[in-house]
Every structure is written in structure tokens, then in C-alpha cells.
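Engineer: Numbering (UniProt numbering), first residue to last: 1 to 1021. Heads up, the beta-carbon is just placed ideally off N, CA and C, and yes, glycines get one too. Values in this document were obtained by computation on a predicted structure and should not be read as measured data. Let me begin by handing over the structure; questions about it come next.
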């Protein structure tokens, strides 16, 4: 009786089964791939030992001749199909096909020779009441990859009343595996048990492989344990399954069980276990397995040796990998790919490039995997021309462009800014592929084409493709760059719905966290960070960078500290750069030096990018000397490091040093980029050198063929605006080859306010309120323009517009670091514990003194005629409060911190005179009266020098400042206080001394004069 109780056949399959009740008529349209069959390889298994044909029906000579022909056929000689047809013809000629055994064997011969058309014809001519023809057809359909038809033959076999035998089921289970149909495989297993067949090694291996390869490891292990006999092949199936799903512990445990059971591992076994050691970086255990492979004589087996090279390379034991590599056959392509992959993975791009050239010289022809592995080394070196040459080589030599190679080409073109070529490769693909689409999305995001990245992602969804974790991690930065919070939340919801955020998927969780941070929701980013089960360096880098980018530098520094001390993670160059950026925002030289210490102790000390970030930090914290010292001590300097030091001097207004460094960069052979010229033009703008700025702009576009970007045009507008040439600034904007952004128009608006050009300010604001309608700064700036022109009605109109549009201005604040604590002041703030003393100092001393010396307050909002004079005080007091608070605690700081702090207090727009310095020294003396025990003479001297340094910075003559700076530094570097005082006294004996030199003599004299009233000695001063 036919067992049909578990069969669920689709309508199409049922129609197919109804065509012939006794024979299955196979039409040509069911086998579209038959015409493309290739010749059988020499490794085809032997069909049979011979044709066992009974001598009672045929002549023994004929049978002997047929057996000889079949022996030659199965021995691996050439043109097997032609010889097989000759044997078939002899059987027909002698009428031997009536024999029930000979026909199916001829059928099997055609199957093994991959001549499936002939096998189908033979199938029509043989009796179908026993299993051999059906078994051969199921096996042949499996070879063709037509697993669905193989299963239909199995079902039809039942309907024809033919019961499967033990040779049927391994092929049927293989067909289930080809369709990844575990449920059907379990039904087949039930059939085996119902028919009382034993689960031998062939059938058991097929079922175990089916379950294991589809993730049913528990079912696979249960079936494996039930089998009484296990050979090495079956153990390898189980080991490979554990390794595939990352079950390293189960893999090693099964390997030990295998050895304890007396089964001798073969090359496949060692390759499997070594691959686990490679994936989990278990280099010590892997080296033990290596020793076992040596004792087994399998060290130089191609599979084992290649896996060993891969393991040592991935675990960074590149020396051992290279030794083993050199002892292997030179023609083995896999070993070249493994060695190259290890070099690229660990950033040895130059070594990978040399290995590739060595490979070509050795006559080894690279394949698609070689180029997919090697191309990232070309990308990181940004050698676009070499990437194009490799692409040409691939095309000329007809190397197959598989998915991974196409993705690598897309990646290199995108990273070399040739998005059009990348999209051309992507669009030429005949089928939809998730890997290529992910590479294209990442490329668009990298090149600032977030909308295009989202279009590719939407197309994937329309084509019913399910994005994986890598795809989602690639598209989330597109939402971040567009600040598309709503879309980002939708993607986050899809990630949760699809179960992509599993424990340990740090890369995707970091992308979600970064998206929320860049969309302004740092609270949600912190929430995701706290809930993460596993936090690696990438995750910490993301949250630290997010805090820095969202104006939370103190939180970034605290997270940096926790990452190293509490979590014990190793800092990399991204961590160091993010922390240094936070120090820059805090203007905290103290924290910056601490991070510099961490940098020196870590392996990142010689990283060019980390050192460049260090240069930037020292420069923005006001210490050009340390910035230059860091640059001079760098062993390897690239364009990034040169740009950092050039920008440092440019931001400090040192035009001569900026240009000297620029030409020094050219002399070293390093070509400047757009960042270099942006710094140079900015330096010209701050120095008021309009002609030089224009000259270097043309030098960039004409000599170096660097296209001007938005930032360069904004710098030109700023340069003309500072010089009062507003018409020229407006002309630059109108001549731009692309639409100016809000930054360019904002620069013009600021210049219009400074020079009182209301009409041009209105033009700029009309564009600004359209491009960036939620930026409160532009509204305030425009309102100030109208206020400066006494256009109060227009000013009120702008303020009303802000309220109607819901635009709120975030109050500005100032801060100062005193004794490792930060003091912040905002308008109208009285919460500071020393606010009473600060107000007293401000109202009774500094404000009157500043007015007597001619200081004219320049508040952010001009004083309305109807407002009283106290409005002026409210507008400027937060800056003065910061200054007074610093003065009160000034004696607690070291000399170099005082230099930085006074520069911060008194920078910009102040009138520095003798009387102001006297008032400042008076504050110092008053603080000495409060707590005399904490004072020492060196601090008093450093404080005096700091005030002179502030006066120094107020001078406009650059050469004079530089000369005075050398004198001041000479005083600071004195070996003793007496020596420093003698140097100061020497200035008083000179004739025709400069104003700065006079200040050097004046300030100590005033300090000593005040000191006499407090019984201070000269040495204490």
C-alpha cells in the first residue's frame, strides 16, 4: 500500500504526477539547464565493477567484450559519453536491453557521464517496477540541481507502487537539503524508520548534514548520538556544522570525543578545527592542533596548510604565517589569498601590495577572491589609478565578476569619489544582490549622497529583499546625515521587529546609537548604550564622539576615563581623537596633557591621525609651542599632520608662520589638498591680506587643479567682509558655481552687521531664513543689524517672527576652569557660591576702572533709547563675572595655566593700559591677604608675566609681539627667582625700550609698591 499520509504536494506537482500513471513523461521544458551540461570529470565514480549478465541468455564473448568496454569507461579515459554510447549500441545490437539488469545500468552510466538527455531516453525504455531506475534518476536530478524534480520522482515512485530501498533515501535526503526543507527531511526520516531500515553512515550523514546546515544543531546531535557506527566523514559533518554556526566550544568538545573514540582525524577534520581557532583567535590551542597535524603527516596537505596560514594571519602571527607560506607549493592560489587577507585585515597594505606583485611574478593567476581581498589595500592607500588598472586587468583576463568582487570594486570607486563608476558596476548586475546593494548604500553615504542611499534601500524593500544587519548599519548613517529622526526611528523599529539586534551585534547597535546622537537625541543614544550587553571599542568610540559632537565635552571626557579604567578596553586612534576633540571644546589643556600621556603609553603613539589631533588640541587650547613641538617630533608626516599645524598657526593669526609651513610642505613633496588651502586663505583673511588670499585661491584652482568647495568661497566672503569690501564679498557669492549654503550667507550677514550695511544684510537674511529657518543666531544677528541702525520697528518684527516660528535662542554662557573645577556663568545667574564677591569686584573696581581707561562696552544687543543704563551691565556681566572669578582664584594656578587663562579673560576688544594692570595687581594682593600660606614667589612672578602676556597679545605688530614673546619666555625659563628678577631689572636700565618692555618693568614695580603695604618681600613677589 502506498504511504501517502504525510505528502503535501502543490497543485503543479500534482498535475505533473497525473501525466502518466505508470511512467513519468519528462518534457523538455522541465529541464531548461540540460543543454548546458558539461563533460563529466575524471573523478567520476565507477558505475559498476562489470556487467553481471547471465551466460544462459547471451554469448560469453559478447559479455566479456562489453565488460571490457565498461571497465575502460569507468577507468577515467577521455570522451566517456562517446564510449558509453558505443557500449549502449552494442547492447542494442545484441538484444541485451531485454535483460532487466542491463538497462538500468546503462541508465546509470549516462547519469554518471552527465549525459542526462540520454539518461531520460533510457528511463523510458526500462521497466519501472523496481527501484534502480528511479534511484538513478533521483541521483541525476540532484546532480543537475533540480532538487524539486528529484523529490517529485520520489513521490511518483510511491504512486507507481515501487518501494524505496536503502540506496534511495540518501539521494532523497540530499534533495531535501538542496531545498533547505528540514520538515520534509524529518518525514523522510520517519519513512526510513517505518520501513525498518537502519540509519547507516550514508543515510545518517545525509540527515545530520541536512539538520546541521539549516541550523537544527540539536536535532543533528540527537540523530548523531543515536547512530551506532560513526566514521570520520560523519564526525566531520558534525564538526563542520558546529563550526559554521560559531559553536567553538561544541566543535572542540566533539573533536576530543572523536579522538577518544579511536577515529583518526583526516585533513578535513584539522581544517575544520583550525578554522574555529582562527575565527575565535584561539592561537594557543590552534598551535597545538598544528603540532597534532604535523605528527599526523598532514601539515602540508593543501586544506590544512591553507587553514593554518589563515589562522596565523588572522591572529596577527604574520611571521609564522609567512614561514609556513614560503614552504608551501608556489602554485597554490588559496595560500596566496589567505596570506593576503591576513595582511589586509591588520592594515599592512604595503606588504599586501608587494605580495600581490610577487604573486604575479610567480606566474600564479589571481581569481575573483584574490582581487576582492586585495582591493581594500588599494582603497586605503587611496590610489585611484591603481584601482582602475586592477579593474582593467580583471576585464582583460576575463576574471568572473562575482558578487564579492563587484562589491569590492564598488567600494574602491566610492572611496575614491567616483560614485558614477560605482553605480555603473552596480546597475550592470543582472540580479538583485544584498551584498552589492549594501556596498552601494555605504558608498553613497560616504560621498554625502544620503538621499541616493535611501533610494537604493527603498528599492531593496520593493523587490521583497530582506535587509540584514550590515545593510541596516549602512543605511542608518544616511538618516543621521539628514537628521531624519522620524525615518531613523522607523528603521530602528524594523530592526527590532526583524530581530536583527541580537546579543553581541555591537556594530548595528552602535549605528543606531550614532543615528540618534546625530539627530540630536543624545538621551536615546545613552539609553541604547546602557542597555547594550556587549560594549567593544567601536561602541565606546561612538558614544564618546556623540557627546563631543553634541556639545557635551565633559561627558565625553568622563566616558573616556571609564572606558580605560573601569572597562579595561584599549584606546585606539578614534578614541584618542574624540577625547582630544572634547578637550579642545573645553579649552582644557590639563585634560589634553593627560590624554597625551595616555597616547604616549599606548600603541597609538606613532599614529599620524592621533598625533594630528594632538596638534589641533594644543593649538586650540592656546599653546602653539607644544603644538609645534608635537609636529616636529613626528617621524612620519602626511597631509593631515601638515594641515593640522598650518591650521594651528592660521587660527592664531600668524600669517608668516602659516605661509612658511605651507611652502615647507611643498618642499617635502607632499601635495596640499583643499583643507590646506582653506587654512592658508583663512590666515590671509584674519591678517587682512586680501591680495594674498586671492592669489592663493587661484594658486589652488589653477596650479593644483583643486576645485573650490563651499568652505573656500565662505572664506573668501569672510576675507572681503573683514576688509570692508562688501560688494566684492557679494560678488563672490553670485559667481559661485553652485548654490551657496547657509554658512556662506551667514558670513555675509555678519560682515554686513559689522559695517552697518542694512540692505545687504536683508538680502543675506532672506536666503538664510529659507535655508536654515530654525537657527536662532541668524534672527538675532539680523535684529542687531536693525538695532545698530536704530530701526527699532524692524527689530521688533524680527523678534516677533522668532516667537511665531517657535525659534528659541539658547542663552550664551562662559566658563572658566579653576583648581580642576569648571565655573559657568549665564546672563542673570546668581547661583555661583561666590557671586556676592564677584559682583562686588565687578561693580566697585573693574567696571569703573575700565570706563576711566576708555573701554566702551559692545553688548550683543544695542541699547534701546527707552532702556536705562543698567541694561548695558546685564548684557556684559557674564563675561566680566567669568573674568572676576578667575582673578579671585588666579593665585591657585601655575604660570602656564595663567597665561592661557588671562588670554581667555582679556581676549578681544579690551583697552589694556597701566591703570588696568594696576587694578589687576591690586586684586592679586588682596587675594594674598586672604590666605598667605598658599602663596609662593614663583607664582607671583608667573602671574605678573601672565598679565604682560595678555598685554602682549593686544599688540597688533606681529614682529614686536614675537620679540616680546621671546623675552617673556626667557624670564619664565629662568633657573631661579633671583635670576628672573635680575632680567626684569635689566629692562629698566635700557634706553629706547619698547612699550612692551616698559610693561615688563612697570608691572613688577607696581606689584612691589602694593606689596610694601602688605609686608611682602621682593623675593615673595
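Check residue 432 in the structure and name its three-state DSSP category.
Structural biologist: coil
Engineer: Compute the Euclidean distance between the alpha carbons of residue 286 and residue 625, then round it to the nearest angstrom.
Structural biologist: 51 Å
Engineer: Could you tell me the alpha carbon to alpha carbon distance between residue 319 and residue 362, rounded to whole angstroms?
Structural biologist: 21 Å
Engineer: Exposed or buried, which one is residue 451 when buried takes at least 16 other CB atoms within 10 Å?
Structural biologist: exposed
Engineer: Applying the 10 Å Cβ sphere with the 16-neighbour rule, what's the burial state of residue 398?
Structural biologist: Under this definition residue 398 is an exposed residue.
Engineer: Residues in its own chain within less than 8 Å of residue 712 by CB, not counting five upstream and five downstream?
Structural biologist: Cβ neighbours of residue 712 beyond the five flanking positions: 674, 677, 678, 681, 697, 700.
Engineer: Measuring alpha carbon to alpha carbon, tell me which residue in 154, 146, 142, 301 is nearest residue 131.
Structural biologist: 154
Engineer: To the nearest angstrom, how far is it from the Cα of residue 665 to the Cα of residue 276?
Structural biologist: 48 Å
Engineer: Have a look at residue 124 and residue 403 and give me their C-alpha separation to the nearest angstrom.
Structural biologist: 41 Å
Engineer: Can you tell me whether DSSP reads residue 570 as helix, strand or coil?
Structural biologist: coil
Engineer: Alpha carbon to alpha carbon, how far is residue 571 from residue 382? Give it in angstroms, no decimals.
Structural biologist: Unreliable placement is indicated for residue 382, whose pLDDT of 49 sits below 50; the coordinate value is still reported in the next sentence. For residue 382 and residue 571, the gap between their C-alpha atoms comes out near 26 Å.
Engineer: Give the single residue among 774, 776, 727, 797 whose Cα lies nearest to the Cα of residue 763.
Structural biologist: Check the Cα spacing between residue 763 and each of 774, 776, 727, 797: the tightest is with 727.
Engineer: If we call anything under 8 Å between Cβ atoms a contact, is residue 340 one with residue 373?
Structural biologist: With a cutoff of 8 Å on beta-carbon distance, residue 340 and residue 373 are scored as near each other.
Engineer: Is it buried or exposed, residue 378, if we count other Cβ atoms within 10 angstroms and call 16 or more buried?
Structural biologist: So residue 378 ends up on the buried side.
Engineer: Is the stretch 592-600 in contact with the stretch 631-645, if contact means three or more CB pairs nearer than 8 Å?
Structural biologist: The answer is no - the stretch 631-645 does not touch the stretch 592-600, with fewer than three Cβ pairs under 8 Å.
Engineer: For the alpha helix (DSSP H) containing residue 491, name the first residue and the last one.
Structural biologist: 485-497
Engineer: State the start and end residues of the unbroken alpha helix (DSSP H) segment that holds residue 738.
Structural biologist: Segment: none, residue 738 is in no alpha helix (DSSP H) and carries neither H nor E.
Engineer: Counting along the chain, where does the alpha helix (DSSP H) carrying residue 524 start and finish?
Structural biologist: 522-531
Engineer: When the Cα atoms are used, what is the spatial distance from residue 720 to residue 685?
Structural biologist: 8 Å
Engineer: Report all residues from its chain with a CB closer than 6 Å to the CB of residue 563; omit the five preceding and five following residues, and keep chain order.
Structural biologist: Cβ-Cβ distances below 6 Å link residue 563 to 540, 569 in the same chain, with the five nearest sequence neighbours on each side left out; the list follows chain order.
Engineer: Enumerate in chain order the residues of its own chain whose CB-to-CB distance from residue 366 is below 7 Å, with the five nearest sequence positions on each side excluded.
Structural biologist: 359
Engineer: Pick from 254, 194, 566: whose alpha carbon is nearest that of residue 217?
Structural biologist: Cα-wise, what sits closest to residue 217 is 254.
Engineer: Helix or strand or just coil, what does DSSP make of residue 668?
Structural biologist: Coil, per DSSP.
Engineer: Look at residue 269 and residue 232 and say whether their C-beta atoms are less than 8 Å apart.
Structural biologist: yes
Engineer: Give, in chain order, every unbroken run of the alpha helix (DSSP H) that is at least 4 residues long and sits entirely within the stretch 151-196.
Structural biologist: 168-178, 182-194
Engineer: Locate the alpha helix (DSSP H) running through residue 684, then write down its first and last residues.
Structural biologist: 674-687
Engineer: With residue 232 as the anchor, note down where its alpha helix (DSSP H) starts and where it stops.
Structural biologist: 232-244
Engineer: For residue 325 and residue 88, I'd like the C-alpha separation in whole angstroms.
Structural biologist: 50 Å
Engineer: Do residue 210 and residue 160 have their C-beta atoms closer together than 8 Å?
Structural biologist: no
Engineer: Please state the DSSP three-state secondary structure of residue 376.
Structural biologist: helix
Engineer: Is the stretch 471-489 touching the stretch 513-522, taking contact as three or more C-beta pairs under 8 Å?
Structural biologist: yes
Engineer: Which same chain residues end up closer than 8 Å to residue 336 when comparing Cβ atoms and leaving out the 5 residues on each side of it in sequence?
Structural biologist: 355, 359, 364, 366, 370
Engineer: Beta carbon of residue 111, beta carbon of residue 136: below 8 Å?
Structural biologist: yes
Engineer: Could you tell me the alpha carbon to alpha carbon distance between residue 259 and residue 526, rounded to whole angstroms?
Structural biologist: 49 Å
Engineer: Starting from residue 609, trace the alpha helix (DSSP H) in both directions and tell me its first and last residue.
Structural biologist: 608-620
Engineer: What are the start and end residues of the alpha helix (DSSP H) that includes residue 596?
Structural biologist: 589-601
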